[in-house]
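Peer 1: Offset between the sequence shown (1-based) and this note's numbering: plus 34. Quick reminder that beta carbons are idealized off the backbone N, C-alpha and C, glycines included.
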Amino acid sequence: MSQKFNTTRQLQLDINDPAKKLFFDGLPFIPLCSDDAKRFGLVYRPRELAALRRQIQYNPNTIARCLVFDIDKENMPDVYAWSAKYWWDDCSAPAPNWILINPHNGNCHYIYMLAVPVPLTDAARRKPMRYLSVIEELLADKLRADTGFTGLISKNPLSDYWIVETPREQSYSLDELAEYIPDNKEKKKRKKKREMTGLGRRMYIFDELRYWAYSRVLDARENMTFEGWMNKVLSRCEKLNTFSTPLAHAHIKSTAKSVAKWTWQHYVGSGSNVRRGRDAAQNFQLELHDKQVLAAYKTNQQRTTDTERKLLACAENLKAQGKLISKKSLAKNSGCSINTVRKYWDRISELGGGSVRCTSDNYQT
35 MSQKFNTTRQ LQLDINDPAK KLFFDGLPFI PLCSDDAKRF GLVYRPRELA
85 ALRRQIQYNP NTIARCLVFD IDKENMPDVY AWSAKYWWDD CSAPAPNWIL
135 INPHNGNCHY IYMLAVPVPL TDAARRKPMR YLSVIEELLA DKLRADTGFT
185 GLISKNPLSD YWIVETPREQ SYSLDELAEY IPDNKEKKKR KKKREMTGLG
235 RRMYIFDELR YWAYSRVLDA RENMTFEGWM NKVLSRCEKL NTFSTPLAHA
285 HIKSTAKSVA KWTWQHYVGS GSNVRRGRDA AQNFQLELHD KQVLAAYKTN
335 QQRTTDTERK LLACAENLKA QGKLISKKSL AKNSGCSINT VRKYWDRISE
385 LGGGSVRCTS DNYQT
């Protein structure tokens with residue numbers, strides 16, 4: 035059975051409520067949506083057409099603009115008179131921006147809107163991503179949220195199917211949410227890979243995949259097309275998705291595309307966002323100490339080449355002006371020390387022929 039979309043009804047969407055407009059404006063332009071994902075599956079639709087479906091993709095693939103927690107009544111057997119509407123207050127959690135309650139069984143989604151969305155791409159800063167991941171994990175523990183929630187689609191607050199509550203209108207900063215979680219001394223030990231939730235799963239795959247790509251992309255540029263590289267990264271990403279509740283394919287594909295594109299276009303084997311050791315990509319099989327020794331050698335070799343090139347260019351310039359090439363004149367015009375000029379003097383003498391004169395032993399800098 036396929037789900038039918040009433041285009042006339044969808045085009046009549048009129049959002050006057052500020053909270054609903056904020057949610058709508060942040061949706062992907064073509065989100066995944068459904069009236070029942072288990073029965074009908076998910077389809078892509080323009081957000082104007084998807085906005086009144088019961089379930090919808092709430093975050094774009096590369097941005098986290100809200101956190102969603104799936105809270106089921108059956109997970110609260112020890113809680114007397116459990117109520118989705120007030121559960122956040124009972125467990126001293128922050129007030130959700132949206133509470134979306136299933137009218138048939140009482141299960142619900144809590145949605146927390148972020149004042150500043152957090153990018154989730156390879157070019158984005160790691161600290162906000164990890165900060166958000168830790169906040170999500172600890173809030174999920176506090177709310178006893180379902181760890182099997184995939185984090186792709188949620189109940190849609192724009193649909194009239196759910197019972198909707200809005201305890202708070204203002205969006206949260208990350209620091210505001212962090213006030214409701216235990217401090218560093220009380221945090222639980224990091225969960226095992228298969229037990230990770232939401233953004234934790236994405237961050238794990240993201241970090242593992244990018245380090246894997248760093249060590250292989252330089253060779254890939256020489257031996258395959260970008261399409262081949264993209265397929266190779268996607269295949270690796272799928273192999274990493276071995277959680278008890280795997281990430282949705284849309285997230286896997288988005289992560290693989292981000293890592294493949296950035297490494298192909300920008301990675302050169304050095305920089306602040308890669309593992310230590312110059313040219314580690316070409317020598318990923320070496321131990322760290324060996325990488326550092328090789329890096330020091332190559333760096334010194336490059337510095338020597340640059341200095342020699344600079345002095346030879348200065349000597350060429352002096353020769354073209356008809357001036358004698360001396361250690362003193364080279365040091366003065368190149369900005370190098372007299373000791374550096376002496377080091378390369380034999381090579382410069384070969385260039386200068388009869389115009390080279392050694393008159394600099396008593397040169398004072």
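Under the three-state reduction of DSSP, which class applies to Lys-357: helix, strand or coil?
Peer 2: Coil, per DSSP.
Peer 1: Could you check which residue in Ala-179, Ile-145, Tyr-238, Glu-171 has the C-alpha nearest to that of Pro-201?
Peer 2: When each option's Cα is compared against that of Pro-201, the closest is Ile-145.
Peer 1: Which same chain residues, not among the five before or five after Ser-306, have their C-beta less than 7 Å away from its C-beta?
Peer 2: Unreliable positioning characterises Ser-306 in this predicted model, as indicated by a pLDDT of 43, which lies under 50. The coordinate reading is nonetheless provided below. Nothing listed; no residue qualifies.
Peer 1: For Trp-263, which of helix, strand or coil comes out of DSSP?
Peer 2: Residue state, collapsed to three classes: helix.
Peer 1: If I measure Cβ to Cβ from Glu-272 and keep anything under 7 Å in the same chain, skipping five residues before and after, which residues do I get?
Peer 2: Result list for Glu-272: Ile-286, in chain order.
Peer 1: Helix or strand or just coil, what does DSSP make of Gln-299?
Peer 2: It is helical.
Peer 1: Check Leu-148 in the structure and name its three-state DSSP category.
Peer 2: Three-state result, Leu-148: strand.
Peer 1: Helix or strand or just coil, what does DSSP make of Phe-277?
Peer 2: Coil at Phe-277, not helix or strand.
Peer 1: Along the chain, where does the beta strand (DSSP E) containing Phe-103 start, and where does it finish?
Peer 2: Its beta strand (DSSP E) spans residues 97-105.
Peer 1: According to DSSP, what are the bridge partners of Pro-153?
Peer 2: Paired residue(s): Ile-97.
Peer 1: With a CB to CB cut of under 6 Å and the five nearest residues on each side skipped, what residues in its chain are close to Ala-157?
Peer 2: Excluding residues within five positions, the ones whose Cβ falls inside 6 Å are Trp-296.
Peer 1: Quick check on Thr-259: buried or exposed, where buried means 16 or more other Cβ atoms within 10 Å of its Cβ?
Peer 2: Thr-259 is exposed by the Cβ-count criterion.
Peer 1: What did DSSP end up calling Asp-138 once you bin it into helix, strand or coil?
Peer 2: Sequence inspection shows His at residue 138; the Asp mentioned does not correspond to that position. Residue state, collapsed to three classes: coil.
Peer 1: What do you get for Met-237, buried or exposed, if any count of 16 or more other CB atoms within 10 angstroms of its CB means buried?
Peer 2: By the 10 Å Cβ count, Met-237 comes out buried.
Peer 1: Would you report the Cα separation of Ser-368 and Asp-380, rounded to the nearest angstrom?
Peer 2: Roughly 17 Å separates the two Cα atoms.
Peer 1: Which partner residues does Cys-67 have in the DSSP bridge list?
Peer 2: BP columns for Cys-67 point to Val-77, Ile-90.
Peer 1: Is the CB-CB distance between Leu-268 and Glu-242 below 8 Å?
Peer 2: No, the Cβ-Cβ distance between Leu-268 and Glu-242 is not below 8 Å.
Peer 1: Assuming Ile-105 contacts Asn-190 under a Cβ cut-off of 8 Å, what Cβ separation, rounded to an integer in Å, is found between them?
Peer 2: Contact flag wrong, Cβ pair sits at about 17 Å.
Peer 1: Using DSSP with H/G/I as helix, E/B as strand and the rest coil, what is Ser-249?
Peer 2: Here Ser-249 sits in coil by DSSP.
Peer 1: Taking Cβ positions, are Leu-101 and Thr-184 nearer each other than 8 Å?
Peer 2: Cβ atoms of Leu-101 and Thr-184: not closer than 8 Å.
Peer 1: Compute the distance between the beta-carbons of Ile-372 and Ala-349, then report whether it is under 8 Å.
Peer 2: Cβ distance not < 8 Å, so Ile-372 and Ala-349 don't count as in contact.
Peer 1: Can you tell me the Cα-Cα spacing of Arg-376 and Lys-344, whole angstroms?
Peer 2: If I take the Cα positions, the gap works out to 14 Å.
Peer 1: Please name the residue, chosen from Tyr-248, Glu-342, His-283, that lies closest to Val-302 on a Cα-to-Cα basis.
Peer 2: Considering only alpha carbons, the answer is Tyr-248.
Peer 1: Across the stretch 194-210 and the stretch 75-84, are there enough close Cβ pairs to call them in contact, namely three or more that are closer than 8 Å?
Peer 2: As far as the Cβ criterion goes, the stretch 194-210 does not touch the stretch 75-84, which means the pair count is below three.
Peer 1: Return yes when the Cβ of Phe-57 is within less than 8 Å of the Cβ of Leu-192, no when it is not.
Peer 2: Their beta carbons are under 8 Å apart, which means Leu-192 touches Phe-57 by this criterion.
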